[in-house]
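Before any comments, here is the structure.
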Amino acid sequence: LPTVASGEEKDKTALRLLSEHLKSFNPLAKVYHINRLDKDCAGFVVFTKSAELQRELSDHWQNYVRQQLFAAVLEGAPRESEGILMPPAPEEKKGKGKDSGAKKVRATRSTPRSEEDQAAGRAEWHIISEGNGRTLLSIALLAGRNNRLRRQLSALRLPIVGDWRNGSQEKDLGRVALEGTRLSFVHPVTKKLLDFRQPIPPLLRKLLKGGPQPRSRSAKSSVKAKKN
1 LPTVASGEEK DKTALRLLSE HLKSFNPLAK VYHINRLDKD CAGFVVFTKS
51 AELQRELSDH WQNYVRQQLF AAVLEGAPRE SEGILMPPAP EEKKGKGKDS
101 GAKKVRATRS TPRSEEDQAA GRAEWHIISE GNGRTLLSIA LLAGRNNRLR
151 RQLSALRLPI VGDWRNGSQE KDLGRVALEG TRLSFVHPVT KKLLDFRQPI
201 PPLLRKLLKG GPQPRSRSAK SSVKAKKN
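Note that the sequence shown covers residues 1 to 228 in this note's numbering.
See the structure below:
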């Protein structure tokens, strides 16, 4: 289920479903999203009911968030049992130079620097378990809302299972083996600590025991509902 409208899905989104639900009680109700999830991943998404709170949380997310945890299954195994992921380098755009047909490379930014910095912070990880040539990690974001974990791990030649766009050999899983397991933040109005948790999905642990899991019709429906 996408968080917001995209080229593939414009109607059945978390934002629209939540908006319709609130409007059934109050026709004037509005909903604004704070964060999104990578496509084919799952986890926690935060919404507000006012534009003012959306701006406050978006502009000062790091001041409110206390912990963001993810679980991921990698193809291969890190050399160490724990470590730090550093922010990925800016994406590069290639173009032809004027002389000798050489390619000219320059860094480009698709978002303002402050927003990009929020999305590209550091993360620390440690191994939970290993098996079947794969590794289950727990990852804690140290800065930002989306640490671009898929690209960072792919750069280490340890792609996330199912993330074939970034080098995974597993193309039949139907999702990416990356899931948010905890989001803890301070409510901007009440100042109460809100702590949301969920266990590591059984599928992620099963990936350490064998090959691709067969996808029955019911399994397909379950996976599709968790896409973000």
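Think of the CB as a built atom: it goes at the ideal place given N, C-alpha and C, for glycine as much as any other residue.
Legend entry - residue 169 versus residue 50 - alpha carbon distance: CA-CA distance, residue 169 to residue 50, rounds to 43 Å.
Legend entry - Pair within 7 Å by beta-carbon distance, residue 178 and residue 186: No. Outside cutoff.
Legend entry - Whether residue 242 touches residue 81 by CB criterion (7 Å): With the chain covering 1 to 228 only, the question about residue 242 has no answer from this structure.
Legend entry - 6 Å Cβ shell around residue 46 - same chain, five flanking residues per side excluded: If we look at residue 46 and ignore the five residues flanking it on each side, its Cβ neighbours are 34, 35.
Inset, instruction - State the DSSP-derived secondary structure class of residue 123, mapped to helix, strand or coil. - result: DSSP places residue 123 in strand when its eight states are reduced to three.
Legend entry - Alpha carbon of residue 137 to alpha carbon of residue 11, nearest angstrom: Looking at the backbone, the Cα of residue 137 and that of residue 11 are separated by about 34 Å.
Legend entry - Alpha-carbon to alpha-carbon, residue 164 and residue 173: When rounded, the distance between both Cα atoms is 10 Å.
Legend entry - Distance between residue 184 and residue 70 (C-alpha atoms, nearest Å): One C-alpha to the other measures close to 12 Å.
Legend entry - Rounded straight-line distance, which links the Cα of residue 160 to that of residue 217: The predicted position of residue 217 is uncertain, since its pLDDT is 32 and thus under 50; a value taken from the coordinates is nonetheless stated next. Taking the straight line from one Cα to the other gives about 24 Å.
Inset, instruction - Please report the Cβ distance between residue 154 and residue 167, rounded to the nearest whole angstrom; I am assuming they are in contact, meaning their Cβ atoms lie under 8 Å. - result: Sure, about 5 Å apart at Cβ, within 8 Å.
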